[in-house]
Ligand code: PA5
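Numbering (the numbering used here), first residue to last: -16 to 426.
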């Protein structure tokens, strides 16, 4: 019997027969034909080493380096302050929120994803820098938000522990050879971790970028790569029709090119996966929002991602999804078994409004909420699908991240765009440098 995939994708409510607007089952063979070609191309690029993130599950040496350094840092310090933005921030946040074991590992704090002085002051006021390590993460080594925060924290750290001792507190995760941060790290003698040159920021959560903070937090990071490896193995082995990430991409593509659903909603039903939605939002937005295709033609492609949370956003977003424009594809994430459960007590057996829920496990309620929402959406003609993972563990979180990375790469192929650059970020950066008076930049 074939092994059950770690992530199952139920897309039965994605088709017009159930959902009204969009594309229909009749379109499926043509979609699978296109996906077959995409799969071949991705496998070719993988074999040629042209898509760096495919090598992530094999990064055993980097993993051991991360684990060894994290073990040392955990012994020496109580708090880890992670300083990064975008792809150098969101992956670690998602992993740690989902998986940090309570009462174990370092207390991990995040800063540098904004230049809000109040936020930075609040952090400084609440951390004892003598017992804190700083993990500055910047692949380019040149990004103003984390680098400015780092310069400030470094300054305060030196005031507390002295110039000579401060270097022991800093771990720089950056390009192996170039960039401002690499220069600073070499000048100061900081410990460093390399960001793989061929893996872009938003695809780097499962590299040193996300794994080191996660390991410091006490997450068994090996499991993350094992989960990613399972998804990769399945992608390589299965035809397009059996590939969750490809089908996910194909359905989004078909809806998008028909001019219907161009908004992608990801709605995990688990508080622990809240930040996974924010991580996915960047991956999908920055990778697929492109003015030009790969031949230079102006296309203005992109699918707008929304990070929602079930059941919370049933009381904030679902009204819009059920009755608003027919522009959304909703994907739920369902967790088979929670890490713990509780039951609703029965203090009012005679009051129907309270008695009907008596004795129900909360896991049963949250599953029912997802199912009910999916059905309501479908009946209102709103396509939706559900990704189910058996639990929330390093293996399934790594698998989910890799699933979305493959799906994003596949979307890049389908849309014929470069999913790995971000030219649209540059213009604002240059304007900011000009406004701040950096040499060589003008408005
Ligand atoms: O996906 C990306 O490449 C970006 O979001 C980057 O991660 C982000 O701009 C931060 O860049 P850096 O790590 O160079 O500071």
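Backbone N, C-alpha and C define an ideal beta-carbon position, used for all residues, glycine too.
Remember, predicted model here, so these are calculated numbers, not experimental data.
Residue 275 carries a strand assignment under DSSP once its states are collapsed to helix, strand and coil. Burial check for residue 118: the Cβ neighbour count within 10 Å reaches 16 or more, so the residue is buried.
The continuous alpha helix (DSSP H) containing residue 149 extends over residues 146 to 149. Just so you know, the alpha carbons of residue 310 and residue 87 end up roughly 44 Å apart. DSSP places residue 153 in the uninterrupted beta strand (DSSP E) bounded by 153 to 158. Going by C-alpha positions, residue 325 is about 24 Å away from residue 291.
For residue 311, the uninterrupted beta strand (DSSP E) run begins and ends at 311 to 318, by DSSP. CA-to-CA, the gap between residue 328 and residue 322 works out to about 20 Å. Residue range 174 to 178 is occupied by the beta strand (DSSP E) that includes residue 174.
Per DSSP, reduced to three states, the secondary structure at residue 92 is strand. Within the DSSP bridge table, the entry for residue 284 names 273 as partners. In this structure, residue 286 and residue 246 form a Cβ contact; the two beta carbons are roughly 7 Å apart against a cut-off of 8 Å. Ligand 1 never approaches residue 270 closely enough for any of its heavy atoms to be under 6 Å from the residue's Cβ. The residue among 213, 302, 396 with its C-alpha nearest the C-alpha of residue 284 is 396. Per DSSP, reduced to three states, the secondary structure at residue 117 is strand.
For residue 264, the shortest C-beta to heavy atom distance toward ligand 1 is 6 Å or greater.
Excluding sequence positions up to five before and after residue 375, its CB lies within less than 8 Å of the CB of 81, 82, 253, 255, 256, 318, 321, 322, all in the same chain and listed in chain order.
Between residue 179 and residue 302, the alpha-carbon positions lie close to 43 Å from each other. Placement of the Cβ of residue 257 at a distance of 6 Å or more from every heavy atom of ligand 1 is found. Nearest to residue 78 by C-alpha distance, out of 234, 59, 379, 356, is 379. Contact check for residue 132 against residue 167 fails: the beta carbons are separated by 7 Å or more. Going by DSSP, residue 370 is part of the beta strand (DSSP E) stretching over 367 to 372.
Residue ranges of uninterrupted beta strand (DSSP E) with 3 or more members, entirely inside the stretch 219 to 256 and ordered along the chain, are 246 to 251. Separation of residue 220 and residue 74 (C-alpha to C-alpha, rounded to the nearest whole angstrom) is 27 Å.
Residue range 62 to 66 is occupied by the beta strand (DSSP E) that includes residue 66, with no alpha helix (DSSP H) assigned at that position. With a threshold of 16 other beta carbon atoms within 10 Å, residue 278 falls short and is exposed. Rounded to whole angstroms, the gap between the alpha carbons of residue 40 and residue 209 is 7 Å. If you draw a straight line from the Cα of residue 398 to the Cα of residue 331, it is about 57 Å long.
Nearest Cα to residue 313 within the set 63, 84, 370, 13: 370. In the structure shown, residue 379 falls within a helical segment according to DSSP collapsed to helix, strand and coil.
Taking C-beta separations shorter than 6 Å and ignoring five residues to either side along the sequence, the partners of residue 28 in its chain run 34, following chain order.
DSSP, read as helix, strand or coil, puts residue 403 in coil. Here the stretch 150 to 165 lies against the stretch 121 to 141, with 3 or more beta-carbon pairs under 8 Å apart. DSSP links residue 289 through a beta bridge to 248. About 14 Å separates the beta carbon of residue 249 from that of residue 388, a gap too long to meet the 8 Å contact definition.
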